[in-house]
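Note that this note's numbering numbers the sequence shown so that position 7 is 7, with each residue one more than the last. Glycine included, C-beta positions come from ideal geometry on N, C-alpha and C. The structure under discussion appears below in the form of structure tokens.
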Amino acid sequence: SSASRPSLWLNARLASMDPAHPAPYGVLENHALLLRGGNIEAVLPQAGVDPAAFDGDVHDLQGRWITPGFIDCHTHLVYGGSRAAEWEKRLNGVPYQQIAAEGGGIVSTVRATRWLDEEELALESLPRLKALMAEGVTTVEIKSGYGLTQADEIKQLSAARRLQDSLPVEVAATLLAAHAVPPEYAGDADGYIAYVVDSILPLAARAGLAEAVDVFCESVGFTPAQTRRVFEAARAHGLKVKGHVEQLSNLHGAELVAEFGGLSADHIEYLDAAGVAALKAAGTVAVLLPGAFYFLRETQKPPVALLRAAGVPMAVSTDLNPGTSPFASIRLAMNQACVLFGLSPEEALAGVTRHAARALGRGATHGRLAAGCVADLLVWDIDHPAELAYSVGVPQLKQRVFRGSAQNLE
Ligand SMILES: O=C(O)CC[C@@H]1NC(=O)NC1=O
Ligand SMILES: [Fe+3]
Numbered sequence: 001s002s003a004s005r006p007s008l009w010l011n012a013r014l015a016s017m018d019p020a021h022p023a024p025y026g027v028l029e030n031h032a033l034l035l036r037g038g039n040i041e042a043v044l045p046q047a048g049v050d051p052a053a054f055d056g057d058v059h060d061l062q063g064r065w066i067t068p069g070f071i072d073c074h075t076h077l078v079y080g081g082s083r084a085a086e087w088e089k090r091l092n093g094v095p096y097q098q099i100a101a102e103g104g105g106i107v108s109t110v111r112a113t114r115w116l117d118e119e120e121l122a123l124e125s126l127p128r129l130k131a132l133m134a135e136g137v138t139t140v141e142i143k144s145g146y147g148l149t150q151a152d153e154i155k156q157l158s159a160a161r162r163l164q165d166s167l168p169v170e171v172a173a174t175l176l177a178a179h180a181v182p183p184e185y186a187g188d189a190d191g192y193i194a195y196v197v198d199s200i201l202p203l204a205a206r207a208g209l210a211e212a213v214d215v216f217c218e219s220v221g222f223t224p225a226q227t228r229r230v231f232e233a234a235r236a237h238g239l240k241v242k243g244h245v246e247q248l249s250n251l252h253g254a255e256l257v258a259e260f261g262g263l264s265a266d267h268i269e270y271l272d273a274a275g276v277a278a279l280k281a282a283g284t285v286a287v288l289l290p291g292a293f294y295f296l297r298e299t300q301k302p303p304v305a306l307l308r309a310a311g312v313p314m315a316v317s318t319d320l321n322p323g324t325s326p327f328a329s330i331r332l333a334m335n336q337a338c339v340l341f342g343l344s345p346e347e348a349l350a351g352v353t354r355h356a357a358r359a360l361g362r363g364a365t366h367g368r369l370a371a372g373c374v375a376d377l378l379v380w381d382i383d384h385p386a387e388l389a390y391s392v393g394v395p396q397l398k399q400r401v402f403r404g405s406a407q408n409l410e
């Protein structure tokens, strides 16, 4: 159906993920969806609907499940090259430090990314984005962070924009220039942060190429003081903030994100009770990235029980990146969040729908089957929504609808 014609979706089982409905998954039986102009106009009891009198496309779902489109709220999917060779070395026991000394790690992806022009970068990243879309992703966050110069960070963000313009997907672009210290600033992290806040961030903001700013706040990344400088610059340029925080240690980065009213605190394996309280008070989303935890064979798990008890919304994302989470599968991330972190299948589905929407500042319009939300929805060949976190790799997506238009699934 085309987005311009209204459409009626009947005989479906709606996992609305809307907390306005008390049932698990916000399940609505015997309800119809009315889509118009790329949005959900109404979710209404089917008994009151007369398809014969409807001037538009009518879809009979024959009892299939419908969920909101999936939102992958934390990816680094625009990059060049691969880190498979260094992974093989690590598995053969070569220590991290030696790999870094030999030019491995983030810097090797920076070299490969700088080498490509914008079009080549978009082309090389396309299969990763298509893999996410094939599983049902309709909105995806894409970070920079492998350019680390003004031109190359803008190039990454422009490649992300080019991907959005060429595919039925919505991209939320995030500037992560504060991802690592580039070789030309070796030993001068403060000097690089000055370059980020004086040159890179203002241009990305002026060009409208990023809606949020992220920082890797970590012992092997940037300090809280440096993180604060970037967040202050983001606020001065009207950009939202989020952070890679408490991934490998507790530098209280989550509290810093909360202080700036940030959208999300991501990784948070080392988050403590004070951090949980700060996220709750600020309405900041906790983003769980089980792929990196799994790939790095970490042992410290995020405080899911504390987050759940405090009512902090938990999102789940792939953290798709070549170094610590080379997984282009949001359903794998859902499964890992359940198996490794103890989320329920319903929490995992909320983590890739309404909570992921909030992590991108889109809580009012994305991630739920509700009037006023975008008409991004997925039609499934499943018997129960729990299957979406349970299995990986089985092609159960029957239809992917983006802004009211059903897409062909290659
Ligand atoms: O290794 C890479 O390429 C990115 C690692 C990734 N970035 C970050 O801030 N934390 C991570 O796990
Ligand atoms: Fe990440």
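| Asked | Found |
| --- | --- |
| Please indicate yes or no: does the CB of N250 lie closer than 6 Å to some heavy atom of ligand 1? | no |
| Among all residues, which have a Cβ less than 7 Å from at least one non-hydrogen atom of ligand 1, and in what chain order do they fall? | H76, R83, G105, I106, T109, H179, F216, E218, G221, H244, Q247, H267, A292, D319, N321, P322, G323, T324 and S325 |
| If I follow the unbroken beta strand (DSSP E) through P68, where does it start and stop? | W65 to P68 |
| Where D72 and D272 are concerned, what is the direct C-alpha to C-alpha distance, given to the nearest angstrom? | 25 Å |
| Do K143 and E118 have their beta-carbon atoms positioned less than 7 Å apart in this structure? | no |
| Check for me: the alpha helix (DSSP H) holding F398 runs from which residue to which? | The amino acid at residue 398 is misidentified as Phe; the sequence shows Lys. Element bounds for K398: not the alpha helix (DSSP H) but the beta strand (DSSP E), L397 to F402. |
| Can you tell me the Cα-Cα spacing of G238 and G351, whole angstroms? | 27 Å |
| Could you pull out every unbroken alpha helix (DSSP H) segment of at least 4 residues lying fully inside the region 150 to 185, listed in chain order? | 150 to 166 |
| Could you check the C-alpha separation between P183 and S108 for me, to the nearest Å? | 11 Å |
| Please return the same chain residues whose Cβ sits closer than 6 Å to the Cβ of A348, not counting the five positions on each side in sequence. | V316, M334, A337, C338 and A389 |
| Please look up how many angstroms separate the CB atoms of L14 and L369, rounded, as I've assumed it's under 8 Å. | 5 Å |
| Quick one: residues in its chain with C-beta nearer than 8 Å to the C-beta of H21, no 5 flanking neighbours on either side, listed in chain order? | V27 and L28 |
| What residues are listed by DSSP as bridge partners for L14? | L28 and I66 |
| Among V169, V171 and E232, whose alpha-carbon lies nearest the alpha-carbon of V196? | E232 |
| What residues match up with L34 in a beta bridge as DSSP calls it? | L8 and A42 |
| Who does Q407 pair with in a DSSP beta bridge? | R400 |
| In whole angstroms, what separates the C-alpha of A112 from that of Y79? | 8 Å |
| Between the beta-carbon of F341 and the beta-carbon of L279, is there less than 7 Å? | no |
| For R64 and V169, what's the separation of their Cα atoms in angstroms? | 23 Å |
| Rounded to whole angstroms, what is the Cα-Cα separation between S1 and V392? | Caution is warranted here: a pLDDT of 44 is assigned to S1, below 50, making its placement in the model unreliable, and no coordinate value can be reported. |
| Which residue or residues does DSSP assign as beta-bridge partners of D266? | H244 and V287 |
| Please return the same chain residues whose Cβ sits closer than 6 Å to the Cβ of G262, not counting the five positions on each side in sequence. | V241, K242 and T284 |
| Which stretch, first to last residue, makes up the beta strand (DSSP E) that contains H76? | Looking at the DSSP string, H76 is not in any beta strand (DSSP E), and its letter there is neither H nor E. |
| So, for F402: in the same chain, excluding its five sequence neighbours on each side, which residues have a beta-carbon less than 6 Å away from its beta-carbon? | T138, P168 and D376 |
| Is it right to say S7 is buried, meaning 16 or more other beta carbons lie within 10 angstroms of its own, or is it exposed? | buried |
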